[in-house]
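Here is the structure we will look at.
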Amino acid sequence: MIYQVVKKIGFSYGHRLLDYDGKCAHPHGHDACVEIGLASRDLNKAGMVVDFAEITLVLKSFLDENFDHKMILRHDDVLTKVLQDMGEPVYVMKDNPTAENIARVIFDHAKGRGMPVVSVKLWETPTSYAEYREGN
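Take 209 as the starting number for the sequence shown in the numbering used here and just add one per residue.
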């Protein structure tokens, strides 16, 4: 048997997609919701997979510092330097800042902090999300 907990945290961000033919090629924003799933076969001494407060502490601080109210741009986007020179908050990614790639960054951060993360869903709109999970 496996126990799983899920924590939701919201944040707002802007981005645009390069090499994309559609509305998302233009700068725009989202009110996003992240759902992080953590799982374990065993519970800790308190009877939990991970305390929700700890998840919030680890994840919310990362989201606030890196993504919340920032433009998330690909490293070679010309807007990156323009916005940085203006003193605007920018998070630079190697890959296009799609919901899929942002979910992967959040997953990797949680995993790097020792959390037993199994999935990250990034709800870009109330009806659309991308999910990143480790493959078998």
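Don't be surprised by glycine CBs; every beta carbon is placed ideally from N, CA and C. Computed from a predicted structure; not experimentally measured.
Chain-order list of residues whose beta-carbon lies under 8 Å from that of residue i (same chain, five-residue window excluded)
i      : result
Pro324 : Leu246, Ala247, Ser248, Val257, Val258
Thr306 : Leu225, Ala338
Ile210 : Ala247, Ser248, Arg249
Thr333 : His238
Lys268 : Ile217
Asn304 : Leu225, Leu226, Asp227, Tyr228, Arg282
Leu271 : Ile217, Phe219, Val242, Ile314
Residue i vs residue j beta-carbon contact at 8 Å
i      : j      : result
Glu296 : Met279 : yes
Tyr340 : Trp331 : no
Val266 : Arg321 : yes
Gly237 : Gly218 : no
Alpha-carbon to alpha-carbon, residue j and residue i
i      : j      : result
Ile244 : Lys302 : 22 Å
Ala311 : Ala318 : 11 Å
Arg224 : Phe275 : 14 Å
Asp227 : Asn252 : 46 Å
Asp293 : Thr335 : 35 Å
Asp316 : Gly255 : 25 Å
Asp284 : Gly230 : 19 Å
Residues near residue i by beta carbon distance below 6 Å, same chain, minus five either side
i      : result
Ser220 : Asp239, His277
Lys216 : Cys241, Glu243
Glu308 : Ala338
Check: residue i C-beta below 7 Å from any heavy atom of the ligand PLP
i      : result
Asp293 : The ligand PLP is absent from the structure shown, which contains no ligands of any kind.
Candidates the options: closest to residue i by CA position
i      : options                        : result
Val298 : Ala254, Arg321, Arg282         : Arg282
Val214 : His234, Gly230, Lys329         : Lys329
Pro235 : Leu291, Val313, Phe315, Ile314 : Leu291
Gln212 : Gly222, Phe260, Thr335         : Phe260
Val326 : Thr335, Gly343, Thr333         : Gly343
Other residues of its chain near residue i: CB distance less than 7 Å, five sequence neighbours each side excluded
i      : result
Cys232 : Arg224, Leu225
Thr288 : Leu281, Val298, Val300
Residue-chain proximity (residue i, chain C), Cβ-Cβ < 8 Å
i      : result
Trp331 : The chain labelled as chain C is not found in the depicted structure, where only one protein chain is given.
Could you name each continuous alpha helix (DSSP H) segment of 4 residues or more that falls completely within the stretch 245-329, going from the start of the chain to the end? Restricting attention to alpha helix (DSSP H) runs no shorter than 4 residues, the stretch 245-329 encloses them at 260-274, 286-293, 307-320, ordered along the chain.
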